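See below for the structure under consideration.
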């Protein structure tokens, strides 16, 4: 029943900016960020986690991963470039691959990975 | 009589059109602000002085994280540097479509034009280069090694030099217009962020990465002669950090078109400060949005515009009133912008 509630709320959360925090399990906060039908293999999305926080969620051959959307260079918010399949920084051009590793530009280190749970096609970020 | 008039109607129409057209065109020329939304990939268009958002050049035209937006002096063309694809695009203000595109040899940052507008100067942040793009042939015709992390560029008011602020080698490079020869590099205490030049090109005003204020460089001595501390407006200055999503104290410094005012952002404490020129007396401090990033002015110098990149807003500052008179919702992560007179926009 609880899962059903989560799914309903998640389905109503638009992937392009909205999120809904759906409670806690064992002290962890789960945030619904969208559904798998919006994230085909090879795809990526920038999602809001509420407030200033956002994440980049990617689907790498069926495996969903998420990263904190904050550049390790100067802390700028990151975007997803769908043509390049890269996570890009709009401040100084840093680029990260779908593993969060630096591909080019000034970032000194990889992105912080976030825990992702997918249940019945709904995507949650767990913190 | 009717027959005679009808017979001459086509000629009268042409004559009338020729007589009316110049004044009509002049009347239609309006001032606009073009603001690049770096995360959204689009350009917001704001009418001046009504300060209404009147249009958007969409991400399908621009995209790829635009870094800077500047205009040709006649307002016909916007030049936009794009971080993701290492290029510069020229966009017509009349059609709001791409006219041409030129790849550059790395990540392009803040642009400037040569006095005759034949050359576009493009600092290449990750390669330590200044790329010179011919706006007629759309080719990179020269590259000049200028230092590490070239970020901003300014054409000196005398038209003889291009100045390049280096973020990583902590200096300003000076390149001669025409020959593209590196003349000198002026050492500064920290990474160079937005900067401006005095009208007589004697002084350079620069924001530095960790300074809450700006320095004044005497270009006849190539040394800092004054450090101006920005007011704190009663706020405690936070340490720059990644968590603040802004690893520089300040970003955004401009001099009004009439040369009478310098406006500098205090990006960590959400203010902008207005100074008189050339004496740099503080005239007022204006609260703005979060992470103010850039400053530009209306042509009549009555308004300063500040992009608040964390709020997705644009602050409209009345210079005479020393206050924010409007805050407009724009696109996602608005940063660089320019004002220009435009004769025609798409209907």
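Chains as they are written, first to last, in the working numbering: chain A, 1 to 127; chain B, 128 to 474. Virtual Cβ for every residue (Gly too), placed ideally from N, Cα, C. Since this is a predicted model, take the numbers as computed values, not measurements.
Start-to-end residues for the beta strand (DSSP E) that takes in residue i
i: residue 323(B); result: 319-324
i: residue 288(B); result: 288-293
i: residue 49(A); result: 44-50
i: residue 197(B); result: 193-198
i: residue 455(B); result: 450-456
i: residue 394(B); result: Careful: residue 394(B) lies outside any beta strand (DSSP E) and carries neither H nor E.
i: residue 229(B); result: 225-230
i: residue 53(A); result: 53-60
i: residue 85(A); result: Where residue 85(A) is concerned, there is no enclosing beta strand (DSSP E), given that its DSSP letter is neither H nor E.
i: residue 301(B); result: 298-303
i: residue 337(B); result: From DSSP, residue 337(B) is part of no beta strand (DSSP E); its letter is neither H nor E.
i: residue 435(B); result: 430-435
i: residue 159(B); result: 157-164
i: residue 465(B); result: 461-469
i: residue 179(B); result: 179-184
i: residue 445(B); result: 440-445
i: residue 280(B); result: 277-282
i: residue 252(B); result: Looking at the DSSP string, residue 252(B) is not in any beta strand (DSSP E), and its letter there is neither H nor E.
i: residue 266(B); result: 266-272
i: residue 243(B); result: No beta strand (DSSP E) contains residue 243(B), which DSSP labels as neither H nor E.
Contact under 7 Å by Cβ, residue i with residue j
i: residue 262(B); j: residue 281(B); result: no
i: residue 435(B); j: residue 416(B); result: yes
i: residue 357(B); j: residue 340(B); result: yes
i: residue 300(B); j: residue 274(B); result: yes
i: residue 100(A); j: residue 110(A); result: yes
i: residue 271(B); j: residue 231(B); result: no
i: residue 465(B); j: residue 197(B); result: yes
i: residue 342(B); j: residue 330(B); result: no
i: residue 278(B); j: residue 88(A); result: no
i: residue 30(A); j: residue 103(A); result: no
i: residue 432(B); j: residue 256(B); result: no
i: residue 537(B); j: residue 186(B); result: No information on residue 537(B) is available, as it lies outside the stretch 128 to 474 that chain B covers here.
i: residue 55(A); j: residue 69(A); result: yes
i: residue 295(B); j: residue 276(B); result: yes
i: residue 322(B); j: residue 286(B); result: no
i: residue 165(B); j: residue 462(B); result: yes
i: residue 260(B); j: residue 269(B); result: no
i: residue 94(A); j: residue 73(A); result: yes
i: residue 349(B); j: residue 313(B); result: yes
Cβ neighbour criterion (16 or more within 10 Å) applied to residue i
i: residue 171(B); result: buried
i: residue 12(A); result: Its pLDDT being 37, under 50, residue 12(A) is placed unreliably by the model, and the measurement read from it follows with that caveat. That one is exposed.
i: residue 51(A); result: exposed
i: residue 201(B); result: exposed
i: residue 139(B); result: Low local confidence applies: a pLDDT of 47 at residue 139(B) is under 50, so the model's placement there is unreliable, with the coordinate-based value given in what follows. Label assigned to residue 139(B): exposed.
i: residue 79(A); result: buried
i: residue 152(B); result: With a pLDDT of 46 at residue 152(B), under the threshold of 50, the modelled position of that residue is not reliable, and the figure given next carries that caveat. Classification of residue 152(B): exposed, given that the 10 Å Cβ count is below 16.
i: residue 474(B); result: exposed
i: residue 306(B); result: exposed
i: residue 128(B); result: Residue confidence is low: residue 128(B) scores 43 on pLDDT, short of 50, so the model does not pin down where it sits. Its coordinate-derived value is still stated next. Exposed, by the Cβ-count rule.
i: residue 387(B); result: exposed
i: residue 354(B); result: exposed
i: residue 389(B); result: buried
message = Can you confirm whether the stretch 232-239 of chain B touches the stretch 207-223 of chain B when touching is taken to mean that 3 or more C-beta pairs between the two stretches lie within less than 8 Å?
response = Taking one beta carbon from each stretch, the stretch 207-223 of chain B and the stretch 232-239 of chain B have 3 or more pairs nearer than 8 Å; the two touch.
message = Give me the subset of the stretch 79-91 of chain A whose CB atoms are less than 9 Å from a CB atom of chain B, sorted by chain position.
response = Answer in chain order: 79, 81, 83, 84, 86, 88, 89, 90 and 91.
inquiry  = Taking beta-carbon pairs under 9 Å, can you tell me which members of the stretch 445-462 of chain B lie near chain A?
reply    = 459, 460 and 462
request  = Would you list, in chain order, the members of the stretch 209-241 of chain B that have their beta-carbon closer than 7 Å to a beta-carbon of chain A?
outcome  = Flagged, chain order: 210, 211 and 234.
Residues of the stretch 187-202 of chain B with Cβ closer than 9 Å to any Cβ of chain A, in chain order = 190, 191, 192, 193 and 194
query = Name the residues in the stretch 249-273 of chain B whose C-beta lies less than 8 Å from a C-beta of chain A; which are they?
reply = 252 and 253
ask   = Taking a cut of 8 Å between CB atoms, which residues from the stretch 90-111 of chain A lie near chain B?
value = Residues passing the 8 Å Cβ filter: 90, 91, 92, 93, 95, 104, 105 and 106.
key: Contacting positions in the stretch 163-181 of chain B - beta carbon closer than 7 Å to chain A   = 165 and 166
key: the stretch 418-425 of chain B / the stretch 52-63 of chain A touching (three or more Cβ pairs under 8 Å)   = no
Contact between the stretch 77-93 of chain A and the stretch 172-189 of chain B (3+ Cβ pairs under 8 Å) = Short answer: they don't touch.
inquiry  = Does the contact criterion of 3 or more C-beta pairs under 8 Å hold for the stretch 425-435 of chain B versus the stretch 378-389 of chain B?
reply    = yes
ask   = Which of the residues in the stretch 52-82 of chain A, read from start to end, lie with their CB under 9 Å from any CB of chain B?
value = 52, 70, 71, 72, 73, 74, 75, 76, 77, 78, 79 and 81
query = Is the stretch 218-226 of chain B touching the stretch 239-255 of chain B in the sense that three or more CB pairs, one from each, lie closer than 8 Å?
reply = Counting Cβ pairs under 8 Å, fewer than three are found: no touch.
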